[in-house]
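S.K.: Before I ask anything, here is the structure I am working with.
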Amino acid sequence: MSIREDFEERERRFMSLHGCLSAESRGRIKPEALRDVRTVFQLDRDRIVYCNAFRRMKYKTQVFLSPLGDQYRTRLTHTLEVSQIARTVARAMYMNEDLAEAIALGHDLGHTPFGHSGETALKEIFSNSFAHNEQSLRVVDLLENKGRGLNLTYEVRDGILKHSKGYGKIMPENINEKPFTVEGQIVRFADIMAYLNHDLEDAIRSRVICEDQVPRLCIDVLGRTHPDRATTMMRDIIFASKSENGEFVLNMSDEVYEAMAVLRQFLYDNVYRSDKVHKEFIKAKKILSELFDFFLNNSSRLEQEMTLLEMEHCMTNGQPYERIVCDFIASMTDRYAMNLYAKLFFPLPVV
73 MSIREDFEER ERRFMSLHGC LSAESRGRIK PEALRDVRTV FQLDRDRIVY
123 CNAFRRMKYK TQVFLSPLGD QYRTRLTHTL EVSQIARTVA RAMYMNEDLA
173 EAIALGHDLG HTPFGHSGET ALKEIFSNSF AHNEQSLRVV DLLENKGRGL
223 NLTYEVRDGI LKHSKGYGKI MPENINEKPF TVEGQIVRFA DIMAYLNHDL
273 EDAIRSRVIC EDQVPRLCID VLGRTHPDRA TTMMRDIIFA SKSENGEFVL
323 NMSDEVYEAM AVLRQFLYDN VYRSDKVHKE FIKAKKILSE LFDFFLNNSS
373 RLEQEMTLLE MEHCMTNGQP YERIVCDFIA SMTDRYAMNL YAKLFFPLPV
423 V
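The opening residue of the sequence shown carries number 73 in the working numbering; numbering runs sequentially from there.
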């Protein structure tokens with residue numbers, strides 16, 4: 073028996089009936105031989121961690137654009153926090169930790185520079201249907217590995233595609249919008265648990281808000297510190313979720329869910345839409361819009377830049393040119409976009 077087979081057997085012995093067994097994955101787009109050491113979901117996790125898009129997240133905005141302070145979250149640190157919450161919850165529920173981790177690590181690979189303002193910019197200048205979750209799936213299916221994609225399992229791809237909530241419900245009522253694995257659903261919850269906590273902490277650190285402004289309900293129910301809030305949320309979903317009519321239903325108590333909803337609204341009103349954050353996002357939208365227009369009319373320069381990002385294969389993959397430009401813009405980090413903008417549009421000093 074191989075190490076992988078031994079691990080798959082251990083999963084059968086200890087995992088919940090509602091968990092997704094590695095040995096019963098629906099497989100990959102392109103069939104592959106099974107490995108001797110790693111299960112299919114462990115392999116997916118590693119492929120995500122080693123890809124270029126994962127490394128670029130360290131210089132992509134979470135809330136605050138290109139923060140100079142070392143303590144502020146980036147898209148990468150957000151992803152790591154989501155991953156840890158998802159693993160903790162999945163472990164406590166006897167679900168597949170490796171699957172939950174792989175989905176969490178890959179869920180934001182397609183996020184644009186400058187956070188959601190970058191996403192909004194591409195909605196306006198490329199297509200209203202542009203969405204970072206769909207771009208994340210595009211990254212793992214088409215853009216990474218020199219155009220061959222990462223060839224991830226169906227379960228991980230489904231979780232990546234269906235993680236996004238926008239300002240909607242944590243768990244959608246439409247079954248077609250809900251991840252079909254419990255692990256994918258756990259990541260949807262872990263995502264909001266992570267950003268409610270760290271965005272609040274970063275907003276206080278940056279003085280966009282002060283701690284005294286946080287609604288009293290949120291402090292009384294969730295806790296005053298990041299560890300307290302995270303623990304409250306994780307414990308609540310672990311103990312409130314249960315099997316109903318043969319299906320495992322993720323749930324939260326009314327008290328904690330209401331406190332999270334209040335905190336979410338507070339952050340939207342006082343942080344994400346605050347003057348300080350919004351003014352910077354307007355500048356970010358301008359940068360991406362002008363870069364998009366420039367590269368629409370300069371294919372040779374685009375090819376040069378794509379080579380620097382190790383994405384030159386995109387120029388020959390048969391995609392519409394405008395779609396290629398969109399992929400390029402979405403792949404940029406904040407600092408890459410700002411440096412490129414300065415190089416293209418700022419006058420050169422006379423030596």
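Beta carbons: idealized from backbone N, C-alpha and C, even for Gly.
Residues in its own chain within less than 6 Å of I396 by CB, not counting five upstream and five downstream?
M.R.: C386
S.K.: Per DSSP, K314 forms a beta bridge with which residues?
M.R.: V321
S.K.: Hey, could you find the ends of the alpha helix (DSSP H) H204 is sitting in?
M.R.: H204 to R210
S.K.: Please report the residue range of the alpha helix (DSSP H) in which Q376 lies.
M.R.: S371 to L380
S.K.: For S88 versus F353, is the C-beta distance shorter than 8 Å?
M.R.: Cβ distance not < 8 Å, so S88 and F353 don't count as in contact.
S.K.: What does R100 pair with, by DSSP beta-bridge criteria?
M.R.: T225
S.K.: Going by other Cβ atoms of all chains shown within 10 Å of its Cβ, with 16 needed for buried, is T42 buried or exposed?
M.R.: Because the chain in this structure spans residues 73 to 423, residue 42 falls outside the shown range and cannot be described.
S.K.: Tell me whether the region 302-321 and the region 159-168 touch, counting them as touching only if at least three CB pairs, one residue from each stretch, are closer than 8 Å.
M.R.: Counting C-beta pairs with one atom in each stretch, the region 302-321 and the region 159-168 have three or more that are closer than 8 Å, which means they touch.
S.K.: So if DSSP puts T133 in a beta bridge, which residue, or which two residues, is it bridged to?
M.R.: DSSP, once it has assigned bridges, lists T146 as partnering T133.
S.K.: For H204, collect the residues of the same chain with a Cβ closer than 6 Å to its Cβ; drop the 5 residues on either side in sequence, then sort them by chain order.
M.R.: G182, H183 and E191
S.K.: Would you mind giving the Cβ-Cβ distance between F367 and F418, rounded to the nearest angstrom? I have them listed as a contact below 8 Å.
M.R.: That pair is no contact at about 17 Å.
S.K.: Just to confirm, is the Cβ distance from F186 to T225 under 8 Å?
M.R.: no
S.K.: Apart from the five residues on each side of it in sequence, which residues of its chain come closer than 8 Å, Cβ to Cβ, to E80?
M.R.: L93, S94, A95 and T111
S.K.: State the DSSP-derived secondary structure class of T111, mapped to helix, strand or coil.
M.R.: coil
S.K.: Rounded to a whole number of angstroms, what is the C-alpha to C-alpha distance between H90 and T253?
M.R.: C-alpha separation (whole angstroms): 8 Å.
S.K.: Relative to the C-alpha of I242, which candidate in R336, L215, L222 and F198 has its C-alpha closest?
M.R.: Per the Cα distances, R336.
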